[in-house]
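Asker: Starting off with a structure, shown below.
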Amino acid sequence: MGGVVNIITAPPEAWQARIRMAAGSFGTNQESATVTGLVGPLTQQFTFSRDFSTGFIANRDYRNLSFGSTTRYASKLGSTDLDLGYADKPFGAQDFYGAYPSWERTKTWYSGLRQSFGERTEAAFSSAATPISLSLPG
Amino acid sequence: MAANIVRLNFTGVETSAAWRWRHQLFDVSYTGLRGVSELLPENLYEVRLQLPHPFRCGFMDRHAVLVPSRLGPGSGAMERRARDPYGVWDLYLARNRGPVRPFVQFTNLANTRYQEILSIPLPGRAVLGGVEIVIR
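Residue numbers (this note's numbering), protein chains in the order written: chain A, 1 to 138; chain B, 1001 to 1136.
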């Protein structure tokens, strides 16, 4: 059984930068930034995100980091979109696999290409690689 | 002893309704899911099944969420087969205009103790505050 979620982002209309910072419970601190630019038919967006926490209990901390890039080019053929992404998520996995501390790390590389042909037709291809590291007490 | 899981069937329904009034958006969604499988063949004493996201592909889950937009409470209620239902309340406040946009987020206001996966506790009451800067 499987499914697909199709996320269609709206094209940017102007240069823009967004910077977000937050802190809170359990030693949480978050930083993210998005920079968007456009020159004629070409638009480019870069994203960065960092989300750390010391955990609400021992060995449930996490240190998430991600980067992304979206490039869009509008032509007579249609819109060409290229998406690239990277995410690194190491986290403590206390009690996930039993009553002892464990640790996981998930890295994801993502790429996607979409080409529209007019308003009613589009073709898309994407790939992702996600190696997972797991550490259990031996 | 390991065993293959065969004839695992999921059936369910997912519905939502949204209403926009001036600058506010109210939406309600409901998801019902029933899972059935033959997990205990005669020659096995126990089969343990752990799914990464039991809410999305679990057994007999019912979940209702009410999430307003800029101001107001968010809440969720979860009920699972053979387990007591529990509710989780969230509150999110944010300024959506201007170059400097502060926000604050409260999660699990009632400090509910719950485990979406058995034996793995989830965080209690928490607060997160920050600011977003928009440069155009």
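For every residue, glycine included, the Cβ atom is placed at its ideal position computed from N, Cα and C.
Bear in mind the structure is a predicted one, so any value in this text is a computation, not a measurement.
When we look at the beta-carbon of B/ALA1017 and count the other beta-carbons within 10 Å, is it buried (16 or more) or exposed?
Answerer: Counting Cβ neighbours within 10 Å, B/ALA1017 comes out exposed, since fewer than 16 surround it.
Asker: By how many angstroms is the C-alpha of A/SER49 removed from the C-alpha of A/ALA17?
Answerer: Answer to the nearest angstrom: the Cα atoms are 14 Å apart.
Asker: Please report the straight-line C-alpha distance between B/PRO1073 and A/TRP15, rounded to a whole angstrom.
Answerer: For B/PRO1073, the pLDDT reaches just 34, beneath the cut-off of 50, and the residue's location in the model is therefore unreliable, although a value from the coordinates is still provided. Roughly 34 Å between the two C-alpha positions.
Asker: Should A/TRP139 and A/GLY92 be called a contact, given that it needs their Cβ atoms to be closer than 8 Å?
Answerer: Examination of residue 139 of chain A is not possible in this model, given that chain A is present from 1 through 138 alone.
Asker: Please state if the CB of B/ASN1108 and the CB of B/ALA1126 are separated by a distance shorter than 8 Å.
Answerer: Yes, Cβ-Cβ distance for B/ALA1126 and B/ASN1108 is below 8 Å.
Asker: Taking only beta-carbon atoms, is B/GLY1012 less than 8 Å away from chain A?
Answerer: It does not; no Cβ of chain A falls within 8 Å.
Asker: Could you tell me if A/GLN45 is buried or exposed, where buried requires 16 or more neighbouring beta carbons within 10 angstroms of its beta carbon?
Answerer: Under this definition A/GLN45 is a buried residue.
Asker: If you count every other CB in all the chains shown that lies within 10 Å of the CB of A/GLN94, and 16 or more means buried, which is it?
Answerer: Classification for A/GLN94: buried.
Asker: Taking 8 Å as the threshold (beta carbon to beta carbon), is B/GLU1132 in contact with chain A?
Answerer: Cβ-Cβ to chain A under 8 Å: yes for B/GLU1132.
Asker: Taking any Cβ of chain B, which residues in the stretch 60 to 83 of chain A have a Cβ under 8 Å from it, in chain order?
Answerer: Going along the stretch 60 to 83 of chain A in chain order, one finds no residue with a Cβ nearer than 8 Å to chain B.
Asker: Cα-Cα, which of A/TYR86, A/GLY27, A/PRO41 and A/GLU13 is closest to A/LEU77?
Answerer: Cα-wise, what sits closest to A/LEU77 is A/PRO41.
Asker: Taking just the CA atoms, how far does A/ALA128 sit from B/LEU1118?
Answerer: Between B/LEU1118 and A/ALA128, the C-alpha separation is close to 30 Å.
Asker: So, helix, strand or coil for A/SER116, using DSSP?
Answerer: It is a strand residue.
Asker: If you reduce the DSSP assignment to three classes, tell me which class A/GLY27 lands in.
Answerer: A/GLY27 falls in the helix class under three-state DSSP.
Asker: Less than 8 Å between CB atoms is the rule here; does B/PRO1099 satisfy it with respect to chain A?
Answerer: So, not an interface residue.
Asker: Please classify A/ASP88 as buried or exposed, where buried requires at least 16 other C-beta atoms within 10 Å of its C-beta.
Answerer: Looking at its Cβ environment, which holds fewer than 16 other Cβ atoms inside 10 Å, A/ASP88 is exposed.
Asker: Quick one: give me the first and last residue of the beta strand (DSSP E) that A/LEU149 is part of.
Answerer: No statement about residue 149 of chain A is possible, as the shown extent of chain A runs from 1 to 138 and does not include it.
Asker: Buried or exposed: B/GLY1098, going by 16 or more other Cβ atoms within 10 Å of its Cβ?
Answerer: Exposed, because fewer than 16 other Cβ atoms sit within 10 Å of the Cβ of B/GLY1098.
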